[in-house]
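Structure record follows, encoded as structure tokens.
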Amino acid sequence: MAAVAGNLVLAARSGDAIAFAALVHAETPSAYRLALSIVRSPSEAEDAVQEAFLRAWRDIRSLRDPDLWPAWFRRLTVRSALDQTRRRPRVREVDLDLAFNVPGLEPSVHPADRMELMAGFDRLRPDDRAILALRFFADLELPDAAAALGIPLGTAKSRLHRALGRLRDQMRHEP
Amino acid sequence: MNAEERLSDALHSVVGAARPSPDLADRIVERVSVTGPRRVGPIARFGLVAAAVLALVAVAMLPLAIGARLNLVAEKSHAPTAAPTGLAHFDRDGLAFDYPAAWMATTSGQNMHYVTVLDYIGTGSGLATCVPVTPGPTDQFISGTNCGANVSVGPGQVVVELMRQDGPPRPGAINPSDPSGLDPTSKYVTVGGLPAIFTEGRSTDSPVTLDWTLSVPGELSSRYQIHVEMKAPGLDEMRAEVEALVASVQYDPLIPVLNAADGPRIAAVGLAKAAANDQSFACFPKEPGTTVSATVTQFPGYSPLREQLPVTCTTQIVPTAIGLWKMTLTESWTAASDRSPGSLTTTLWLAPDGTPGEEDGGTASAIPYWP
Chain A
230 MAAVAGNLVL AARSGDAIAF AALVHAETPS AYRLALSIVR SPSEAEDAVQ EAFLRAWRDI
290 RSLRDPDLWP AWFRRLTVRS ALDQTRRRPR VREVDLDLAF NVPGLEPSVH PADRMELMAG
350 FDRLRPDDRA ILALRFFADL ELPDAAAALG IPLGTAKSRL HRALGRLRDQ MRHEP
Chain B
2 MNAEERLSDA LHSVVGAARP SPDLADRIVE RVSVTGPRRV GPIARFGLVA AAVLALVAVA
62 MLPLAIGARL NLVAEKSHAP TAAPTGLAHF DRDGLAFDYP AAWMATTSGQ NMHYVTVLDY
122 IGTGSGLATC VPVTPGPTDQ FISGTNCGAN VSVGPGQVVV ELMRQDGPPR PGAINPSDPS
182 GLDPTSKYVT VGGLPAIFTE GRSTDSPVTL DWTLSVPGEL SSRYQIHVEM KAPGLDEMRA
242 EVEALVASVQ YDPLIPVLNA ADGPRIAAVG LAKAAANDQS FACFPKEPGT TVSATVTQFP
302 GYSPLREQLP VTCTTQIVPT AIGLWKMTLT ESWTAASDRS PGSLTTTLWL APDGTPGEED
362 GGTASAIPYW P
């Protein structure tokens, strides 16, 4: 699978729009979820993914090593998502009920607790949500999360620490 | 379960279950397809069929590529325009030449996935077709189009197939000083005043084939292809007619003539326009051949660096045969405790008036502080 993706990246890098289209179709769902974890609005997440792919198409010739595509594109997605949050404050449209009622998903946490946790997460600053989402949703190690955010590892460590602290504060002050 | 585990659980449950709109990927593909929808065509001469499986899968993802513009059989014969000398004149899609008036011409205009078959001319026949492909129960695609370009030559006949390829792949300018751009059966020639590649194929039981790959003035991603098939008897006479055709090639409009003395002025115009859109071009001196020192936070075509980088920037500009200015922009940096010395060269192609066009990144060095 990785070899196929590498071939697609190589072809796309040489300007093959068909190969890039295949990458778009393959990457859109995961990119959307990562963007959604940061912007917390489905329409803004879709805008962010679209922007990330446009940037990728523009800059893919600068990607020398196709194996770096996942990290490179993840970074574009995070950057586009954060740009979305800076661009315009919008009403959030996440349908939590819909997300919780997924057949086959066995909750290990009571849905009410999960709802409360996500409400606190939603109130965090976008930068905090980004580092938490990369670490605890994308399940990245901190060096990779730092790379996705374009910040030094030390900054990522302190940002993660502070974000978790602010999330705990949000939970404590939840009415 | 600690706080981090609870957060992970909540994120995976809530965000992990989310799905984008079903048409999001298609909308993105539509936006990035700046050159418009194309179709898939098995034209082996361009090597496009090498990725047939990939293309088929990709076509499945590109139902928008199959649209109302699909022309199932684009063939229309027309009488050639007779010239006083007994020659007919061809002038289409920027390519012009003379050919024997006795030959038949068949207009195609069939667009096949970055390749457009312009015409067939000669004493034999040619046909370009595209037909929709209906997937079977085990096929992994939704819909597709199968295109083919077929040439039919009998004994003593010749057919010239004229095509235009508009990237991808993006071949760049034909560069006669680069021997790596040729395979062993090819050689660089000049056609219509521009660099071209000539390839001759011979075998005992199949048509003799001659291929000329021509530059397209002002275009880096496009090529004309003159593909010839002919069968004995009369090979020498037919070959002479084909070579006369190629010798008469002109480009319409004519290739812009660039004066090297205008280079400094064009460089200044091009860099000003480029920097207006992208500040990463701001460090390059507008006077070619000079060097300036600067601190940059981003290279052209790259995402921002994590730290500022001191560099020296240089600019070079030369006119090229295809009517574009080639501006070579180099940023060099010295070693430091956390980086090795290196340089990054970016090529920016400019229109005759200095308007920036295509950009090529290229470097032999690792980029410090990136990504």
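One line per chain: the protein sequences are A and B, in this order.
Position one of the first sequence corresponds to residue 230 (my numbering), numbered consecutively onward.
Position one of the second sequence corresponds to residue 2 (my numbering), numbered consecutively onward.
Built from N, CA and C at the ideal position, the CB exists for glycine as well.
The residue from 237(A), 269(A), 380(A) and 385(A) with its alpha-carbon nearest to that of residue 296(A) is 237(A). With a contact defined as Cβ atoms closer than 8 angstroms, residue 278(A) and residue 25(B) qualify at about 7 angstroms. Non-local beta-carbon contacts of residue 297(B) in its own chain, meaning distances under 6 angstroms to residues more than five positions away in sequence, involve 284, 310 and 312 in chain order. The region 247 to 263 of chain A makes contact with the region 12 to 26 of chain B: 3 or more CB pairs, one atom from each, lie closer than 8 angstroms. Annotated three-state conformation of residue 237(B) is helix, per DSSP. Going by C-alpha positions, residue 318(B) is about 8 angstroms away from residue 265(B). The Cβ atoms of residue 371(A) and residue 353(A) do not sit closer than 9 angstroms to each other. For residue 327(B), the enclosing beta strand (DSSP E) has its first and last residue at 326 to 334. Counting along the chain, residue 267(A) sits inside the alpha helix (DSSP H) bounded by residues 246 to 268.
The criterion of a C-beta distance shorter than 9 angstroms is satisfied by residue 16(B) and residue 262(A).
No Cβ of chain B is located within less than 9 angstroms of the beta carbon of residue 370(A). The beta-carbon separation of residue 129(B) and residue 109(B), rounded to 4 angstroms, stays under the 8 angstroms limit for a contact.
Residue 93(B) counts as exposed, since fewer than 16 other C-beta atoms from the protein chains shown sit within 10 angstroms of its C-beta. If you draw a straight line from the Cα of residue 212(B) to the Cα of residue 353(B), it comes to about 30 angstroms.
Around the beta carbon of residue 197(B), 16 or more other beta carbons sit within 10 angstroms, so the residue counts as buried. DSSP places residue 296(A) in the helix class (H, G or I) of the three-state scheme.
For residue 198(B), DSSP records a beta bridge to 189(B) and 214(B). In the three-state DSSP reduction, residue 150(B) falls in the strand class (E or B). Residue 223(B) sits buried, since 16 or more C-beta atoms from the chains shown fall within 10 Å of its C-beta. Boundaries of the beta strand (DSSP E) around residue 350(B): 343 to 351. Under the three-state reduction of DSSP, residue 290(B) is assigned to coil, being neither helix nor strand. When the beta-carbon positions are compared, residue 286(B) and residue 347(B) stay at least 9 angstroms from each other. If you ignore the 5 residues before and after residue 183(B), its C-beta comes within less than 8 angstroms of the C-beta of 189 and 198, all in its own chain and listed in chain order. Along the region 19 to 31 of chain B, going in chain order, the ones with a CB nearer than 8 angstroms to a CB of chain A are 19, 20, 21, 22, 25, 26, 28, 29 and 30. Assignment of residue 356(B) by DSSP, reduced to helix, strand and coil, places it in the coil class. Only 393, 396 and 397 from the region 388 to 400 of chain A bring a Cβ to less than 8 angstroms from some Cβ of chain B. Nearest neighbour of residue 360(B) by Cα position, chosen from 248(A), 270(A) and 291(A), turns out to be 291(A). Close partners of residue 305(B) in chain A (Cβ separation under 8 angstroms): 379. Straight through space, the alpha carbons of residue 338(B) and residue 288(A) are spaced by roughly 29 angstroms.
As a beta-bridge residue in DSSP terms, residue 361(B) pairs with 348(B).
Annotation: the continuous beta strand (DSSP E) that includes residue 101(B) extends over 96 to 101.
At least one CB of chain B lies nearer than 9 angstroms to the CB of residue 279(A).
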